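> Following numbering that gives the first Met the number 0 from start to finish, the sequence shown increments by one per residue and tops out at 78.
Have a look at the structure that comes next, please.
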Amino acid sequence: MSTIDERLLAILACPQDKGPLYFIADEDALYNPRLHRRYTVRDGIPVMLIDEATTVSDTEHARIMAKVAAQNIAPTFSA
Numbered sequence: 000m001s002t003i004d005e006r007l008l009a010i011l012a013c014p015q016d017k018g019p020l021y022f023i024a025d026e027d028a029l030y031n032p033r034l035h036r037r038y039t040v041r042d043g044i045p046v047m048l049i050d051e052a053t054t055v056s057d058t059e060h061a062r063i064m065a066k067v068a069a070q071n072i073a074p075t076f077s078a
């Protein structure tokens with residue numbers, strides 16, 4: 000499980016749509032629910048390359064968003 004410096008986390012945005020992300024710490028991922036895109040976090044460093052992001056299925060999106068709601072995960076910033 001990775002951690003990201005709080006100051007960095009507060010300014011992270013999706014490189015594709017420039018919107019906020021959700022940091023899913025126990026999955027080492029940042030998630031964009033608008034585009035269903037997951038960005039990997041390696042050793043506490045977000046890999047914010049569009050070409051390396053993965054698009055998740057509707058089922059996986061629902062699972063991630065249920066986790067966000069259950070754990071009260073805040074977005075990286077308020078749009």
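Cβ coordinates follow ideal geometry from the N, Cα and C atoms, glycine included.
None of the values given here were measured: they were computed from a predicted structure.
For K66, collect the residues of the same chain with a Cβ closer than 7 angstroms to its Cβ; drop the 5 residues on either side in sequence, then sort them by chain order.
Locating residue 66 in the sequence shown gives position 67, counting from the first residue. Excluding residues within five positions, the ones whose Cβ falls inside 7 angstroms are I23.
> Can you have a look at N71 and say buried or exposed, based on whether 16 or more other CB atoms are within 10 angstroms of its CB?
Residue numbering aside, residue 71 sits at position 72 when the sequence shown is read from its first letter. Classification of N71: exposed, given that the 10 Å Cβ count is below 16.
> If you draw a straight line from the alpha carbon of R37 to that of L29, how long is it in whole angstroms?
The sequence position of residue 37 within the sequence shown is 38, counting from 1. The sequence position of residue 29 within the sequence shown is 30, counting from 1. Straight-line Cα distance between these residues: approximately 6 angstroms.
> If you check the beta carbons only, do T53 and P19 fall under 8 angstroms apart?
Here residue 53 is taken as the residue at index 54 of the sequence shown, counted from 1. Here residue 19 is taken as the residue at index 20 of the sequence shown, counted from 1. In this structure, P19 does not lie closer than 8 angstroms to T53 by Cβ.
> Round the Cβ separation of D25 and V40 to the nearest angstrom and send it over; I've been treating them as touching at under 8 angstroms.
Position 26 of the sequence shown, counting from 1, holds the residue named residue 25. Position 41 of the sequence shown, counting from 1, holds the residue named residue 40. Actually they do not touch by this definition, with Cβ atoms about 11 angstroms apart.
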